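Read top to bottom, the protein sequences are chains Y and S.
Per the numbering used here, the first sequence runs over residues 206 to 480.
Per the numbering used here, the second sequence runs over residues 206 to 480.
We put the beta carbon where it would ideally sit given N, CA and C, even for glycine.
In this text the structure is predicted, and so the values were computed from the model without any measurement.
Structure, as C-alpha cells:
2 protein chains.
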Amino acid sequence: MELWFTELQKPGMKISCKVLQTLHREQTPFQEIVLLDTVQFGRMLVLDGAVQVTLLDEFVYHEMLAHVPLHAHPAPKDVLIIGGGDGGTAREVLRHTELESVTLVEIDRRVVDVCRRFLPELSCSYDNPKLQVHFEDGVEYVKNKKACYDVILVDSPDPVGQAARLFSAEFYRAIFEALRPDGIFAAQTESPFVDAELIGRVYRDANRVFPITKLYQAVVPTYPTALWTFTVGSKRYDPETCLRKPLFEDDLRYYNADLHQASFKLPNFVKKLLR
Amino acid sequence: MELWFTELQKPGMKISCKVLQTLHREQTPFQEIVLLDTVQFGRMLVLDGAVQVTLLDEFVYHEMLAHVPLHAHPAPKDVLIIGGGDGGTAREVLRHTELESVTLVEIDRRVVDVCRRFLPELSCSYDNPKLQVHFEDGVEYVKNKKACYDVILVDSPDPVGQAARLFSAEFYRAIFEALRPDGIFAAQTESPFVDAELIGRVYRDANRVFPITKLYQAVVPTYPTALWTFTVGSKRYDPETCLRKPLFEDDLRYYNADLHQASFKLPNFVKKLLR
Numbered sequence: 206m207e208l209w210f211t212e213l214q215k216p217g218m219k220i221s222c223k224v225l226q227t228l229h230r231e232q233t234p235f236q237e238i239v240l241l242d243t244v245q246f247g248r249m250l251v252l253d254g255a256v257q258v259t260l261l262d263e264f265v266y267h268e269m270l271a272h273v274p275l276h277a278h279p280a281p282k283d284v285l286i287i288g289g290g291d292g293g294t295a296r297e298v299l300r301h302t303e304l305e306s307v308t309l310v311e312i313d314r315r316v317v318d319v320c321r322r323f324l325p326e327l328s329c330s331y332d333n334p335k336l337q338v339h340f341e342d343g344v345e346y347v348k349n350k351k352a353c354y355d356v357i358l359v360d361s362p363d364p365v366g367q368a369a370r371l372f373s374a375e376f377y378r379a380i381f382e383a384l385r386p387d388g389i390f391a392a393q394t395e396s397p398f399v400d401a402e403l404i405g406r407v408y409r410d411a412n413r414v415f416p417i418t419k420l421y422q423a424v425v426p427t428y429p430t431a432l433w434t435f436t437v438g439s440k441r442y443d444p445e446t447c448l449r450k451p452l453f454e455d456d457l458r459y460y461n462a463d464l465h466q467a468s469f470k471l472p473n474f475v476k477k478l479l480r
Numbered sequence: 206m207e208l209w210f211t212e213l214q215k216p217g218m219k220i221s222c223k224v225l226q227t228l229h230r231e232q233t234p235f236q237e238i239v240l241l242d243t244v245q246f247g248r249m250l251v252l253d254g255a256v257q258v259t260l261l262d263e264f265v266y267h268e269m270l271a272h273v274p275l276h277a278h279p280a281p282k283d284v285l286i287i288g289g290g291d292g293g294t295a296r297e298v299l300r301h302t303e304l305e306s307v308t309l310v311e312i313d314r315r316v317v318d319v320c321r322r323f324l325p326e327l328s329c330s331y332d333n334p335k336l337q338v339h340f341e342d343g344v345e346y347v348k349n350k351k352a353c354y355d356v357i358l359v360d361s362p363d364p365v366g367q368a369a370r371l372f373s374a375e376f377y378r379a380i381f382e383a384l385r386p387d388g389i390f391a392a393q394t395e396s397p398f399v400d401a402e403l404i405g406r407v408y409r410d411a412n413r414v415f416p417i418t419k420l421y422q423a424v425v426p427t428y429p430t431a432l433w434t435f436t437v438g439s440k441r442y443d444p445e446t447c448l449r450k451p452l453f454e455d456d457l458r459y460y461n462a463d464l465h466q467a468s469f470k471l472p473n474f475v476k477k478l479l480r
C-alpha cells in the first residue's frame, strides 16, 4: 500500500508527499494537528491540512525570518515571536547570544507539545532560560505592550480564519507601539505568484505605520509556488543593510550576509505589487 | 468531472494541476508531447510527463537563462541556443537588437510546430529574420563549430535518457571550442534541494574547462522544489557583473540589473555543493 498526503494549495494546484508513517493526529480547540514522516521531505507538521514545516526546507523559512531583521538591528536585546509554536524561529533567534530575552506567544499549547515530542530539530530551544512562552492570542498579547521589544517576528500560518487578524493594519499599528523607538518587525507574507493582492495590501498597510517598509524573499519548496516573501517594517534602520557577519554562519544552511542584501532585490513583477 | 495532470517530480513527491482541456497529445520519434490548458498555470507544455513550461512562470526561466549571460558580455553578436524548441529563450535573446544572428538547434521539429500553434506567447520569434533553426542533435551540432559564437545557451530538459549528454564534461569542452575567445555559456542545471550531486558534478566539469565558472539561481514554481540553478562558464568576463541596464527592462517580468547580481548570492547549502 502507498500512502500519500495531498495539500490543495490553491484552486487547481496540489502538492503530494509519499508518507512513511502518520506519527500523530489530533483535533485541538484551534486546529487539526498532524505529524507525518515523508519520503522526500522528512518529518512534516501539517495544520488544518496545510504544510507548516518540513525537515527538508524549514531552515530556509526560519533562518530568513529571524536573521534578516536581527542583523539589521545594531544591538537587539528583547525579541517577541508571535506564533512559531514549532520552535524553529526561536531556535534561530537564540543563536544571537547577545539577546537578553525572547518571548514566544503561541495560541495552541498542543503545537508546542507535539513539536517537542516529534520535531526536536526545531523545538530544541524550549529549555533555554532566555525563552519565555505564553499560550495566548498573539493579537491580544501585543495590544498591551508599549516600547518593550527591539525586534518582533510574526511567524503565522496563512491568513485564513483567526490568523487573518495577523495580516491587518490594526495589528501592524499595535506592533509599532510594542517596538522601541528603533525597533524592527518582520512577518511572513505568502507568495507573489498566487497571493499578489495580499502582498500589496500588507505592504501598503505596514508602510502607513513604519517609516521604512521593504519586502524580501526566500525559497521554501513546500509552500505554494515556493517563492516566499517577508514584509519588514523598521522605525530607524534600513532592514536591507546587514550590520554584521553572523558569528555562527558555519551553523547556518541558508542565510549569509551577501544573501541578506540580495534577498531584497526583487523580480520586476514583485516590485510592481508594491506600487 | 475533474481532470488533473500529476507529475511524479521525484520519488515521493508530486505536483498536480487541474486541467481545463487537453489541447494536443502525440508521440514523436523522440518523446511524448502534451499541451494542456490548466486552471492555475495556464497553458502548459509537458514532455514525457515532465512539465517544461507554463504561462504562469515561463518568464522566470527564459529571462534568467538569456539575460544573465547576455548582459555579462560587452558586445554579443552571435548566439547559439541548444534545445528550447518552445521558443521562449529565443524570444528573450532577440530582445537584444544588437545581435546579428541567433541559431536554435532543436532535435524535435514537432515541439516547434506544437508550440507555434498553441503557445504563441513563447514562439512569437520564429519569424524573426535573425533566427535560424536547425532540427538536429545539439551535441552533434556543436562538435563541428570552432569559435563561432559569443554566447551559448543550453535550454535542455532534465538529464534523463539522450538529454544526459547535455550535462557531460565532453559537451562542455565542445561548447568551449564553439565559443569565441571571450565567449560565455549558460545552462539550466536543476535544483539544489533534490539534484545536489548533479549540480556539484556539472560545476566541477565546467570549471575544468572554463576559466570562470559560477552558479546563479531563480525561482520557477512548476519545477521540482522551484529553486532552480543555472551554471555559467566564461572565458574572460565575470558573469556576475551586469554590464548594462537592459534597454527593454519595462518589458521584463523578472530580470533586472540588481537581480542579475543578487542571483549569484547563493544560500550556504548551495555554496557547499561547489566545493
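- PHE390 (chain Y) and PRO426 (chain S) have their C-alpha atoms spaced approximately 28 Å apart.
- Contact annotation: ALA423 (chain Y) and TYR377 (chain Y) have beta-carbon atoms that are not nearer than 7 Å.
- Taking 7 Å as the cut-off, the beta carbon of GLU297 (chain Y) is found closer than this to the beta carbon of HIS267 (chain Y).
- Note on the segment 233-283 of chain Y: whole alpha helix (DSSP H) runs with a minimum of 4 residues are 263-277, in chain order.
- At a cut-off of 7 Å between beta carbons, LYS351 (chain Y) makes no contact with chain S.
- The segment 392-410 of chain S and the segment 356-375 of chain S touch, with three or more beta-carbon pairs separated by less than 8 Å.
- If the five residues before and after ARG370 (chain Y) are omitted, its C-beta is found closer than 7 Å to the C-beta atoms of VAL344, PHE376, all from its own chain and listed in chain order.
- Taking the Cα positions, VAL338 (chain Y) is about 46 Å away from TYR408 (chain S).
- Under the DSSP assignment, VAL338 (chain S) falls in the beta strand (DSSP E) whose first and last residues are 336-339.
- By the rule that beta-carbons nearer than 7 Å mark a contact, ASP463 (chain Y) touches chain S.
- For the set Y:PRO429, Y:VAL317, Y:TYR442, the Cα lying nearest the Cα of VAL239 (chain Y) is the one of Y:VAL317.
- Per DSSP, LYS215 (chain S) is one residue of the beta strand (DSSP E) stretching across 208-215.
- Taking a C-beta cut-off of 7 Å against chain S, the contacting residues of the segment 409-427 of chain Y are VAL424, PRO426, listed in chain order.
- In the DSSP annotation of this structure, the continuous segment of the beta strand (DSSP E) that includes ILE389 (chain S) starts and ends at 384-393.
- Secondary structure in the segment 312-361 of chain Y: the alpha helix (DSSP H) runs of 4 residues or longer, each lying completely within the stretch, are 314-323, 325-328, 343-348 in chain order.
- In this structure GLN257 (chain Y) touches PRO362 (chain Y) by the C-beta definition: roughly 7 Å separates them, less than 8 Å.
- For GLY217 (chain Y), the chain S residues whose C-beta falls within less than 7 Å of its own C-beta are CYS222, LYS223, THR243, VAL244, GLN245, listed in chain order.
- Of the candidates Y:PRO397, Y:ALA383, Y:LEU457, Y:ALA383 places its Cα closest to the Cα of LYS440 (chain Y).
- Secondary structure at LYS476 (chain Y): helix, using DSSP grouped into helix, strand and coil.
- Across the structure, LEU471 (chain S) and PRO386 (chain S) are spaced so that their CA atoms are roughly 28 Å apart.
- Under the three-state reduction of DSSP, ARG458 (chain Y) is assigned to coil, being neither helix nor strand.
- The beta carbons of VAL307 (chain S) and LEU336 (chain S) sit closer together than 7 Å.
- Identification of chain Y residues near LEU457 (chain S) by a Cβ-Cβ cut-off of 8 Å yields ASN473, ordered along the chain.
- For the options Y:GLU445, Y:VAL265, Y:ALA352, the alpha carbon positioned closest to that of THR294 (chain Y) is the one of Y:VAL265.
- Here the segment 278-287 of chain S does not lie against the segment 455-470 of chain S, with fewer than 3 beta-carbon pairs under 8 Å apart.
- Out of Y:LEU208, Y:GLU231, Y:TRP433, the CA that lies nearest to the CA of LEU225 (chain Y) is found in Y:LEU208.
- Chain-ordered, the chain S residues with CB closer than 8 Å to the CB of LEU432 (chain Y) read VAL424, PRO426, ALA431.
- In this structure, LEU478 (chain Y) sits away from ILE417 (chain Y), with a CB-CB distance that is not shorter than 7 Å.
- Between the alpha carbons of LEU213 (chain Y) and GLU231 (chain S) lies a gap of roughly 29 Å.
- Between the beta-carbon of THR243 (chain Y) and that of LYS219 (chain Y) there is about 15 Å, and that puts the pair past the 8 Å contact cut.
- Between LEU327 (chain S) and GLY289 (chain S), the gap from beta carbon to beta carbon reaches 7 Å or more.
- In the DSSP assignment, PHE435 (chain S) forms a beta bridge with S:GLN393, S:TYR421.
- Not a single C-beta of chain S is nearer than 7 Å to the C-beta of ALA392 (chain Y).
- Collapsing the DSSP output to three states places VAL399 (chain Y) in coil.
- Neighbourhood of LYS470 (chain S) in chain Y, by CB distance below 7 Å: ASP463, LEU464, ALA467, in chain order.
- Straight through space, the alpha carbons of ASN349 (chain Y) and LEU260 (chain S) are spaced by roughly 47 Å.
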